[in-house]
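For reference, the structure is listed below as structure tokens.
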Amino acid sequence: MTITVRKMFFDIENTMDPFFVDNDPEGACFLNAISLVLPYLEPFLIKSFKRALPYVRDPKLKENMVLFNKQEAQHFKQHQQYNEVICSHYPELAALEERLQQDYDAFLKDKDLKFNIGYCEGFEAITTGLSLAALDDGICQRTTGAAGDMFRWHFMEEIEHRTVAFDVYQNLFGGYFYRAKMSVFVLRHIGSFVMDAMSIMLKQDKERIALEFGGKKGAKERLKLFLRTELGPFVRALLHPLSPAYSPYKIQIPEHILKLSEKYSAEAVEILC
Ligand SMILES: [Fe+2]
Ligand SMILES: [Fe+2]
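Add 3 to a position in the sequence shown, counting from 1, and you land on the number used in the numbering used here.
Spelled out as structure tokens, the structure:
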């Protein structure tokens, strides 16, 4: 898989239903919470890589870091527009976003390059696993409309650039324990934001969920389905980077995900590089 920078257009309407996952309001809130993180986190990745770039000697890795940054810039711009629609439904989310901005500003100001690159790799490793789980018979099979398409495109590009942050970390610092420690840090940092954002959305739409999605019985059935089909791959994706043997080079990418690269290249408004 090569790293291709695609400029995309997704027709996200202001009136779109935030519950864009078939019969799964909790799943939709989970993806919407992840989307909220991205316009804060992805600029942090880009800035961290720009700081690391002068210390990297390998010309191929330098080239990949530039492509990585260009892909991430496209991602957060798309999610910024999407999040305006989500936040217009859930005004309480604004305070949470402020918290994220402060965190990333503080990391860039107060933490050293090893911490910030360790964070980038922790996030990228978890994202690779979650993207694979979502695209390979996971939640992306049930997402609908332009929002569903945007998430599929983003997850596919996360898989395309899955080795870059790992290579930067290994090239500049290396070492298993610090990498694993940063994976745990990222899980806790982003996990707590996602839980808080989901709870705001689910609380606000509690009555709608009860009326339209089968009340407590519906929620129980959805939970049973999640536990039976998606929990295993989800947990494996979160824990895989904690293994000393973890390497994104060892991950097998299913053929249908490889084909998504071609699909989104064909649908791009423009291939930037
Ligand atoms: Fe991204
Ligand atoms: Fe990424």
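Positions of the beta carbon are idealized from the N, C-alpha and C atoms, including for glycine. The structure presented is a predicted model; accordingly, all values stated were derived computationally and were not measured.
Span of the alpha helix (DSSP H) around residue i
i: Val-212; result: The sequence shown places Ile at residue 212, not Val. Start and end: 209-215.
i: Pro-236; result: 234-242
i: Ala-248; result: Note, Ala-248: premise wrong, no alpha helix (DSSP H); not H, not E.
i: Glu-160; result: 148-163
i: Thr-131; result: 116-138
i: Gln-173; result: 167-175
According to DSSP, residues forming a beta bridge with residue i
i: Lys-10; result: Glu-273
i: Val-24; result: Thr-146
Local conformation of residue i per DSSP, three classes
i: Met-201; result: helix
i: Ile-260; result: helix
i: Gln-105; result: helix
i: Gly-178; result: coil
i: Glu-29; result: helix
i: Glu-16; result: coil
i: Met-4; result: coil
i: Gly-194; result: helix
i: Gly-218; result: helix
Rounded Cβ spacing between residue i and residue j (contact assumed at less than 8 Å)
i: Phe-216; j: Asn-26; result: 7 Å
i: Phe-158; j: Cys-143; result: 7 Å
i: Ile-162; j: Ile-260; result: 6 Å
i: Ile-15; j: Leu-70; result: The Cβ separation is near 25 Å, so there is no contact.
i: Glu-160; j: Gln-83; result: At roughly 16 Å, the Cβ-Cβ gap does not stay under 8 Å, so Glu-160 and Gln-83 are not in contact.
i: Glu-45; j: His-92; result: About 22 Å separates the two Cβ atoms, so there is no contact after all.
i: Leu-190; j: Ile-120; result: The Cβ separation is near 17 Å, so there is no contact.
i: Phe-22; j: Ala-31; result: 5 Å
i: Lys-10; j: Ala-271; result: 6 Å
i: Ala-86; j: Ile-49; result: It should be noted that the sequence gives Asn, not Ala, for residue 86. Not a contact, Cβ separation roughly 18 Å.
i: Ser-1; j: Cys-123; result: Within the shown structure, residues of the chain are numbered from 4 to 276, placing residue 1 beyond reach of any answer.
Could you tell me which uninterrupted alpha helix (DSSP H) segments, each at least 4 residues in length, are contained entirely in the region 33-103, listed from first to last along the chain?
With a minimum length of 4 residues, the continuous alpha helix (DSSP H) runs that stay inside the region 33-103 are 62-92.
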